[in-house]
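Its first residue numbered 524, the sequence shown is counted upward by one per residue in this note's numbering.
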Amino acid sequence: MAKDKKRPDWLEKLKKLMKDPDGSDKKKLKKTLAELKQKSNDLKDQIDQEKDAGHRAELKEKWALVNKHRKKGIRRLEELNKKD
Numbered sequence: 524m525a526k527d528k529k530r531p532d533w534l535e536k537l538k539k540l541m542k543d544p545d546g547s548d549k550k551k552l553k554k555t556l557a558e559l560k561q562k563s564n565d566l567k568d569q570i571d572q573e574k575d576a577g578h579r580a581e582l583k584e585k586w587a588l589v590n591k592h593r594k595k596g597i598r599r600l601e602e603l604n605k606k607d
């Protein structure tokens with residue numbers, strides 16, 4: 524039986540990149556943030572097309588989670604850019 528994950532893979536990847544103390548993975552962080560923006564846009568499109576209210580609410584939760592962590596990633600990238 525499949526084990527339920529608490530965190531999605533993209534979140535694990537983002538958190539790992541954000542914890543990098545010297546900012547050596549800035550390019551990877553930037554790429555990951557671009558991927559999350561695309562994921563956010565895709566989820567928004569799915570929300571707009573979804574008819575079922577229950578599934579729509581679930582998609583909205585996912586969309587909010589993606590945007591919340593994407594914004595954190597953007598702030599971290601800005602911090603790293605200030606150090607340069």
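Just so it is clear, CB atoms sit at the ideal spot from N, CA and C, and this is done for glycine as well.
Can you tell me whether DSSP reads residue i as helix, strand or coil?
{"i": "residue 546", "result": "coil"}
{"i": "residue 558", "result": "helix"}
{"i": "residue 579", "result": "helix"}
{"i": "residue 530", "result": "coil"}
Note down the Cα distance separating residue i from residue j, rounded to an integer number of angstroms.
{"i": "residue 604", "j": "residue 547", "result": "11 Å"}
{"i": "residue 578", "j": "residue 606", "result": "43 Å"}
{"i": "residue 530", "j": "residue 584", "result": "13 Å"}
{"i": "residue 581", "j": "residue 601", "result": "31 Å"}
{"i": "residue 545", "j": "residue 596", "result": "15 Å"}
Could you name the residues of the same chain whose beta carbon sits closer than 8 Å to that of residue i, not counting the 5 residues immediately before and after it, in chain order?
{"i": "residue 616", "result": "This structure cannot settle anything about residue 616, because the visible part of the chain is limited to 524 through 607."}
{"i": "residue 543", "result": "552"}
Does the Cβ of residue i have 16 or more other Cβ atoms within 10 Å, making it buried, or fewer, making it exposed?
{"i": "residue 524", "result": "At residue 524 the pLDDT is 42, less than 50, meaning the model places this residue with poor confidence; the figure from the coordinates comes in the next sentence. By the 10 Å Cβ count, residue 524 comes out exposed."}
{"i": "residue 598", "result": "exposed"}
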